[in-house]
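Number of protein chains: 2
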Amino acid sequence: MNINEAIDLLKEKGYKTTGKRKEILAYFEKADGYRTAKDLIQFMESRYKGISFDTVYRNLHLYNKVGILETTELNGEKQFRMNCTHHHHHHFICNDCGKTKKIEVCPMDEVQNTLAEYAIEGHKFEIYGLCPVCQSA
Amino acid sequence: MNINEAIDLLKEKGYKTTGKRKEILAYFEKADGYRTAKDLIQFMESRYKGISFDTVYRNLHLYNKVGILETTELNGEKQFRMNCTHHHHHHFICNDCGKTKKIEVCPMDEVQNTLAEYAIEGHKFEIYGLCPVCQSA
DNA sequence: TTGTAAATAAGAATGGTTCCTATTTGCGGA
DNA sequence: TCCGCAAATAGGAACCATTCTTATTTACAA
Numbered sequence: 067m068n069i070n071e072a073i074d075l076l077k078e079k080g081y082k083t084t085g086k087r088k089e090i091l092a093y094f095e096k097a098d099g100y101r102t103a104k105d106l107i108q109f110m111e112s113r114y115k116g117i118s119f120d121t122v123y124r125n126l127h128l129y130n131k132v133g134i135l136e137t138t139e140l141n142g143e144k145q146f147r148m149n150c151t152h153h154h155h156h157h158f159i160c161n162d163c164g165k166t167k168k169i170e171v172c173p174m175d176e177v178q179n180t181l182a183e184y185a186i187e188g189h190k191f192e193i194y195g196l197c198p199v200c201q202s203a
Numbered sequence: 067m068n069i070n071e072a073i074d075l076l077k078e079k080g081y082k083t084t085g086k087r088k089e090i091l092a093y094f095e096k097a098d099g100y101r102t103a104k105d106l107i108q109f110m111e112s113r114y115k116g117i118s119f120d121t122v123y124r125n126l127h128l129y130n131k132v133g134i135l136e137t138t139e140l141n142g143e144k145q146f147r148m149n150c151t152h153h154h155h156h157h158f159i160c161n162d163c164g165k166t167k168k169i170e171v172c173p174m175d176e177v178q179n180t181l182a183e184y185a186i187e188g189h190k191f192e193i194y195g196l197c198p199v200c201q202s203a
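Structure follows, in C-alpha cells:
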C-alpha cells in the first residue's frame with residue numbers, strides 16, 4: 067500500500083483528508099517497518115508542534131481499521147507498519163531498527179487438522195532478531 | 067512442572083519458600099492455561115487480604131526467570147502459565163478461558179535457510195480461538 | 001534462638017493509551 | 001465563493017498495567 071492508495075481508500079470510506087493524515091502516511095511509507103506511536107508522535111512534533119496524542123492514536127486506529135496499517139505488540143507497546151496487502155504472509159522483525167522481511171511460510175496448513183474441534187480466530191507467527199545491517203552496526 | 071518440582075527448584079537456587087509463593091504455584095497448577103497478573107491478584111486477595119501488587123509481580127517475574135512460568139502478551143497484558151518443560155512446542159490459546167493446547171508443529175525448521183544472513187533471537191507462533199468447551203458455552 | 005538477607009506492604013510513580021470537552025477545519029451544498 | 005455542519009483536533013485529565021521506593025516483617029542458616 068502506498069500513500070495514494072491509502073488516501074483514496076480514506077476518501078472512499080468518507081474520511082477527511084488532512085495534512086496530518088497525509089504526514090502520517092508519508093512517515094510510514096518511508097519507515098518500511100514497525101514503528102511505535104511514540105516514534106510517530108516524535109516525528110509529528112517536529113512538523114506540527116503541540117500535536118495531541120489523541121490525534122496520533124486516533125489515526126493509527128483508524129488506519130488499522132481500514133487496513134492501511136497492520137499492527138503487532140512488542141514489550142507492551144503497539145507497533146504499526148504499512149499493510150502489505152495482496153497475500154497472506156508473516157514477518158521477520160528486526161529488534162533494532164524495526165524493519166521487516168517477508169516470510170512466505172505459513173504453518174497453519176499443517177496445523178488445521180490437529181485443531182478440528184477448535185474454532186480458530188487468528189494466529190501469529192513472528193521471528194525476532196537482527197537484520198544484516200544492524201548486525202554489522 | 068508441578069508444585070513440588072517448582073519448590074525444589076526455588077530452594078536449589080536459594081530462594082525462600084513462603085506461603086504466598088506456594089499459593090501462587092497452586093493457583094497456576096490448577097489454572098492449566100494462561101492467566102493475567104490481575105487474575106492472580108484477585109485470587110490472592112481472597113487468601114491474603116491486602117497483598118501488594120508488588121509481591122505478585124515480583125514473584126511472577128522470578129518464576130519466569132527461573133523457568134517455572136512461561137509468558138506471552140495478549141491485548142497489552144502479560145499472561146502467565148506453568149511451564150511445560152521437556153521439548154520445544156507452541157500453543158493454541160483459548161480467547162475465552164485461556165486454556166492451551168500443544169501444537170507440535172514448529173515452522174522454524176522450514177524458515178531457517180531463507181534467513182541465512184539474519185541473526186535469529188526468538189520467534190513466536192500462537193493460534194487463537196475458542197476451545198471446544200467455550201464454543202458450546 | 002538470633003542475626004541478617006530476603007520478602008513483603010503500602011502506595012506513589014511511570015509509561016502507554018484512552019477519554020472528555022471545547023475549538024478548529026475539511027468539504028459538500030447553496 | 002461562501003456557509004454550515006459533521007468530522008477532526010488540542011489540551012490535558014483519566015485510566016490501567018506495571019514498576020519503584022521505603023519501611024517493616026519474615027524465613028532460615030548458624
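Each protein sequence line maps, in turn, to chains A and B. Residues in the first sequence are numbered consecutively from 67, following my numbering. Residues in the second sequence are numbered consecutively from 67, following my numbering. From the three backbone atoms N, C-alpha and C, an ideal C-beta is built for every residue, glycine too. Fair warning: this is a prediction, and the values are worked out from it, not measured in the lab.
With a threshold of 8 Å between beta-carbons, can A/Gly-205 be considered close to chain B, or not?
Nothing can be reported for residue 205 of chain A: it is not among the residues displayed for chain A, which extend from 67 to 203.
CB B/Ala-103 to CB B/Leu-140, shorter than 8 Å?
Counting from one through the second sequence, the residue named residue 103 of chain B turns up at place 37. Counting from one through the second sequence, the residue named residue 140 of chain B turns up at place 74. No, the pair does not count as a contact, with Cβ atoms beyond the cut-off.
For A/Gly-188, name the three-state secondary structure that DSSP assigns.
Numbered from 1 along the first sequence, position 122 holds the residue referred to as residue 188 of chain A. DSSP places A/Gly-188 in strand when its eight states are reduced to three.
Using a beta-carbon distance below 8 Å, is B/Val-177 in contact with chain A?
Along the second sequence, one-based indexing puts residue 177 of chain B at 111. So, interface residue.
Could you name the residues that DSSP lists as bridge partners for A/Thr-180?
The residue given as residue 180 of chain A occupies position 114 in the first sequence. Its beta-bridge partners do not exist; DSSP assigns none.
Tell me B/Ile-159's beta-bridge partners as DSSP assigns them.
Start at 1 with the first residue of the second sequence, and residue 159 of chain B comes out as number 93. DSSP lists B/Thr-166, B/Tyr-194 as partners of B/Ile-159.
Name the one or two DSSP bridge partners that B/Leu-140 has.
Here residue 140 of chain B refers to the residue found at position 74 of the second sequence. In DSSP, B/Leu-140 forms a bridge with B/Glu-143.
Cβ of B/Gly-99 less than 8 Å from any chain A Cβ?
For the purposes of this step, residue 99 of chain B is taken as residue 33 along the second sequence, with counting starting at 1. Cβ-Cβ to chain A under 8 Å: no for B/Gly-99.
I want to see whether chain A comes within less than 8 Å of B/Lys-79, judged by CB atoms only; does it?
Counting from one through the second sequence, the residue named residue 79 of chain B turns up at place 13. It does not: the Cβ of B/Lys-79 has no partner Cβ on chain A nearer than 8 Å.
If we count the other Cβ atoms within 10 Å of its Cβ and call it buried at 16 or more, is A/Thr-83 buried or exposed?
The count along the first sequence starts at 1 and reaches residue 83 of chain A at position 17. A/Thr-83 is exposed by the Cβ-count criterion.
Where A/Glu-89 and A/Asn-161 are concerned, what is the direct C-alpha to C-alpha distance, given to the nearest angstrom?
Here residue 89 of chain A is taken as the residue at index 23 of the first sequence, counted from 1. Here residue 161 of chain A is taken as the residue at index 95 of the first sequence, counted from 1. Between A/Glu-89 and A/Asn-161, the C-alpha separation is close to 25 Å.
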